[in-house]
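Reading through the structure tokens given below for one structure.
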């Protein structure tokens, strides 16, 4: 089955700086890559996703890049704010099944 | 707009007891999913239902059963709870049709088994 590895497990950044989270996947057939944000006591919420026919996607301060050849994808958050503090999960799928990374706890220091 | 609703939010069981976790969505989604979340392991798929009337095993189905009651509801049953099933359980849905649709999650059921 698909194996998704996510790094780093924790990330502390100064407010206003950028944060980068990286994921690798094992199955070259995977073709959909969503990113989720989870706040304490809540379920994961989709923040951005990318399909395998696209190399980069942006939504305001958030961007995702995909390198299919190397089988890795990354989340970039620019101009971080305190409300960006949360746990972030990457995932990869083919068909209906999503395989998740272990998560990155992001802390934005004021 | 409620989205995905899970009940109960918290539950404590004794080993060997049975329990059904309920999930309902009001987004007219065809597909529904059950995950468990354990520290340091992300979310792992237990079972999913691609459409009403179908269910399939995910990554960690042992010890669980599911029922897709209708298009809105998808329940997860623990027949004989074990301490290893202590976890946070999330239900999700996606649609309206096909795969590669964003999954929408409920806020979880926190289950402790003593």
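Protein chains in written order, with this note's numbering: chain Z, -9 to 100; chain F, 155 to 268.
Even glycine gets a Cβ: it sits at the ideal position worked out from N, Cα and C.
query	result
Proximity below 8 Å, CB of residue 226 of chain F to CB of residue 178 of chain F	yes
Cβ contact (3+ pairs, closer than 8 Å) linking the stretch 157 to 165 of chain F and the stretch 52 to 64 of chain Z	no
Option nearest residue 190 of chain F by Cα separation, candidates F:246, F:170, F:255	F:246
Straight-line gap, residue 46 of chain Z to residue 23 of chain Z (C-alpha atoms, nearest Å)	11 Å
Contiguous beta strand (DSSP E) assignments of at least 3 residues, all confined to the stretch 226 to 256 of chain F	228 to 232, 241 to 248
Spatial distance of residue 210 of chain F from residue 81 of chain Z (CA atoms)	20 Å
Of the residues F:176, F:248, F:170, the one placed nearest residue 35 of chain Z, counting alpha carbons only	F:248
Nearest neighbour of residue 220 of chain F, chosen from F:257, F:213, F:175 [CA to CA]	F:175
Beta-bridge pairing of residue 48 of chain Z - partner residues as DSSP gives them	Z:53
Residue 200 of chain F vs residue 236 of chain F beta-carbon contact at 8 Å	no
Cβ of residue 270 of chain F within 8 Å of any chain Z Cβ	A question about residue 270 of chain F goes unanswered here, because the residues of chain F that appear run from 155 up to 268.
Continuous beta strand (DSSP E) stretch holding residue 76 of chain Z: start and end	76 to 84
N- and C-terminal bounds of the beta strand (DSSP E) containing residue 64 of chain Z	62 to 67
Within-8 Å CB hit, residue 249 of chain F to chain Z	no
Residues that residue 213 of chain F contacts on chain Z, provided the C-beta gap is smaller than 9 Å	-9, 87, 89
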